[in-house]
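S.K.:
Chains as they are written, first to last, in this note's numbering: chain A, 1 to 348; chain B, 1 to 348.
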């Protein structure tokens, strides 16, 4: 399997996005975000996405250079229209604005509509944490992506509706980044393509019965992914509803309703400056104490240590910085072909 | 089983709290909150708590009439010190302040320390929703209440760390109110006292192995409750960490660290006025569309309909308003004895 450095992947990805019509600073942002996803081990959000993004640009769904405009604003809130630019560009602008508001007024709450796919939500809460802030974020699909059943239901009515939270930690930030479904659709697709069964508790068929056959998700007729929670799946469902409303209703982009409406990422960010509440020392003391306390739990059978939220990704990042980022042949050839198709040639 | 009206329970509870030294308006607030918990079917947070609260007042842990003071404040944030008053009193004041800030500036983020037990967190997010607001809230125990294992751990290191969200809905508010553990400790205690087994996936013993014996939670040595999520328990754990930091570090009250520190409820409220983002019509349209869409899912086997978050409690409330609130004999006799002990006599 070919292996590359972060800088190599970032460099060629930036070239491709520039060739797709992104202004230079925006090409840097999108290329960087995809390379970072590969670095953290989230290959499903890495350069495998370039082909899809290139297609969406050609179709006019993604508008490179599309302006981010402010529709409504108060001292500590704003509603932004992303101009259907890349979600990575729009999300960064939203977080930058939220950080500025939080620095001045203690908190910034930013709602965003008309943006494309932002990739990993945790990338943006982490960005705020690296500036010393606490950030909670949610995203929905502008009402589309009906893959997840409501609790007690038998078909997909909700998107995977993720929630993320990040804050400064004692050594590295603490980063929560989860879907409110048991699993993302991509993982089911991988099992289906590999001819493997899904674990119990992931899926129901079109009659609402539990199934381990990944094909049952796609049908026809389609089944659904379950909200997370297992026996208490009403909790994951409840969080999904919360995410849908914060993202879709507060922005006006739309809550889950149709599988054929225009796909986008409606976003919600709440950014807080802890120093407007307590001293930095108090904050640091308690988060550090919490982390030490949690990590002190003797590992249960089958575990060797307790990892904080976000720690698995940081470890992958360290390893891939050292050993390189493996990219499977199919993805690499597709990426090169896509690049060549828009006039970008490179040898790595 | 004796059955009472909401007004009867509320009336006697208010008398008891007045006799315990609460100023009249505060006795009304605490009595009302407990009666409301009974009305909604959350009997574990209803008048069964009076005996415990009376003991805490006598011990000096709860300070009736304790002042709520503002330690830090910006246009849209505040850190409050609850003066160790009843949590019900402090939480209402925090939400009232958050609503005022949200009305003026779009959002109000309120952090609270030095408060006692607030009862049901959903009571306060609902209060904001009834004023037209969206409200997210979390609470921890000031660092105490180590009952829940971290993902991969074998002993209790976190409290049940609940999260709640409420917002206006098409007929009634939508109310999310969940612990980030599989279950609250009280439910395990009830099974233990009844000599029953716990469902699979709730508990681990002191070696970190799954168990269905409720006694294993208490030991000695004690086991732990699992974070919610089943096979993806890292998600419930991640949310618990987020709740602990928002509640305990932002307020300075303390994150989970010790089972012997002073018990309190540190609170976090984020209140938003949707009309600072979109029009009320846009907001209403999308939440109504979402609810209709979700409820349209054909029920899975074993279910007769899809209920929105909060709907089960509203139904219990309707039924108990009509048929009365049943209170078991033991609880009622304890309540009467407790009342008599502080000079409150009544016949119902």
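A virtual CB, placed ideally from N, CA and C, is assigned to each residue, including glycine. Values in this document were obtained by computation on a predicted structure and should not be read as measured data.
#1: Using a Cβ cut-off of 9 angstroms (strictly closer), state whether residue 283 of chain B contacts chain A.
#2: Spell out whether any CB of chain A is found under 9 angstroms from the CB atom of residue 316 of chain B.
#3: Could you please tell me which residues of the segment 204-218 of chain A, in chain order, have their CB closer than 8 angstroms to any CB of chain B?
#4: Mind checking residue 98 of chain A: buried by the 16 CB within 10 Å criterion, or exposed?
#5: Residue 142 of chain A and residue 266 of chain A: beta carbons closer than 9 angstroms?
#6: Could you name the residues of the segment 267-295 of chain A whose beta carbon sits closer than 7 angstroms to any beta carbon of chain B, in the order they occur along the chain?
#7: At which residues does the beta strand (DSSP E) containing residue 108 of chain B begin and terminate?
#8: Hey, quick one: how far does the beta strand (DSSP E) through residue 70 of chain A stretch, first residue to last?
#9: Determine the DSSP secondary structure at residue 42 of chain A, reduced to helix, strand or coil.
#10: Whose C-beta lies closer than 7 angstroms to the C-beta of residue 94 of chain A among residues of the same chain, with five residues either side of it excluded?
#11: Pull up the distance between the alpha-carbon of residue 159 of chain B and that of residue 67 of chain A, whole angstroms please.
#12: Determine the extent of the alpha helix (DSSP H) in which residue 242 of chain A is found, giving its start and end residues.
#13: Per DSSP, which one or two residues make a beta bridge with residue 140 of chain B?
#14: Which residues does DSSP pair with residue 165 of chain B in a beta bridge?
#15: Within 10 Å of its beta-carbon, does residue 355 of chain A have 16 or more other beta-carbons around it, so buried, or fewer, so exposed?
#16: For residue 77 of chain A, which option in A:272, A:35, A:140 has the closest C-alpha, if you only look at C-alpha atoms?
#17: State the beta-bridge partners of residue 299 of chain B as determined by DSSP.
#18: Please check if any C-beta of chain A sits within less than 9 angstroms of the C-beta of residue 144 of chain B.
#19: Could you check whether the segment 148-157 of chain B touches the segment 281-300 of chain A, counting it as contact only if at least three pairs of C-beta atoms, one from each stretch, sit closer than 8 angstroms?
#20: Taking all protein chains shown into account, decide if residue 302 of chain B is buried (16 or more other Cβ within 10 angstroms of its Cβ) or exposed.
#21: Helix, strand or coil, according to DSSP, for residue 6 of chain A in the structure here?
#22: Are residue 251 of chain A and residue 146 of chain A close, meaning C-beta to C-beta below 9 angstroms?
#23: Terminal residues of the continuous alpha helix (DSSP H) containing residue 316 of chain A?
#24: Can you tell me which of B:340, B:348, B:347, B:218 puts its alpha carbon nearest to the alpha carbon of residue 51 of chain B?
#25: DSSP has residue 145 of chain A in a bridge; who is on the other side?
#26: By the criterion of Cβ-Cβ separation under 8 angstroms, what are the contact partners of residue 56 of chain A in chain B?
#27: To which residues of the same chain is residue 54 of chain B closer than 7 angstroms at the C-beta, ignoring the five residues directly before and after it?
#28: Could you spell out the range, first to last residue, of the beta strand (DSSP E) harbouring residue 78 of chain A?
#29: Let me know if residue 280 of chain B comes out buried or exposed under the rule of 16 or more other beta-carbons within 10 Å of its beta-carbon.
#30: Would a check of beta-carbon distances place residue 40 of chain A closer than 9 angstroms to chain B?
#31: Assign residue 248 of chain B to one of three DSSP states: helix, strand, or coil.
#32: Under three-state DSSP, which class holds residue 181 of chain A?
#33: Since residue 188 of chain B and residue 214 of chain B are thought to touch, with beta carbons under 8 angstroms apart, how far apart are those beta carbons, to the nearest angstrom?
#34: To the nearest angstrom, how far is it from the Cα of residue 334 of chain A to the Cα of residue 49 of chain A?
#35: Which of the residues in the segment 55-88 of chain A, read from start to end, lie with their CB under 8 angstroms from any CB of chain B?
#36: Residue range of the alpha helix (DSSP H) that residue 335 of chain A falls in?
M.R.: Put simply:
#1: yes
#2: no
#3: 204, 207, 208, 209
#4: buried
#5: yes
#6: 270, 272, 274, 276, 277, 278, 282, 283, 286, 287, 289, 290, 293, 294
#7: Following the DSSP letters along the chain, one finds residue 108 of chain B inside the beta strand (DSSP E) bounded by residues 107-113.
#8: 69-73
#9: coil
#10: 80, 110, 112, 267, 269
#11: 45 angstroms
#12: Unbroken alpha helix (DSSP H) run through residue 242 of chain A: 233-244.
#13: B:266
#14: B:136, B:176
#15: Beyond the ends of chain A as shown, which are 1 and 348, falls residue 355 of chain A; an answer cannot be given.
#16: A:272
#17: When beta bridges are read from the DSSP output, residue 299 of chain B appears opposite A:153.
#18: no
#19: yes
#20: Looking at its Cβ environment, which holds fewer than 16 other Cβ atoms inside 10 Å, residue 302 of chain B is exposed.
#21: helix
#22: no
#23: 311-323
#24: B:340
#25: The partner list for residue 145 of chain A (beta bridge, DSSP) is empty, contrary to what the question assumes.
#26: Result: empty, since nearest Cβ-Cβ is about 25 angstroms, beyond 8 angstroms.
#27: 20, 338, 342
#28: 77-81
#29: exposed
#30: It does not; no Cβ of chain B falls within 9 angstroms.
#31: helix
#32: strand
#33: Right, their Cβ atoms sit about 5 angstroms apart.
#34: Rounded to the nearest whole angstrom, the C-alpha separation of residue 334 of chain A and residue 49 of chain A is 10 angstroms.
#35: 72, 74, 75, 76, 77, 79
#36: 329-341
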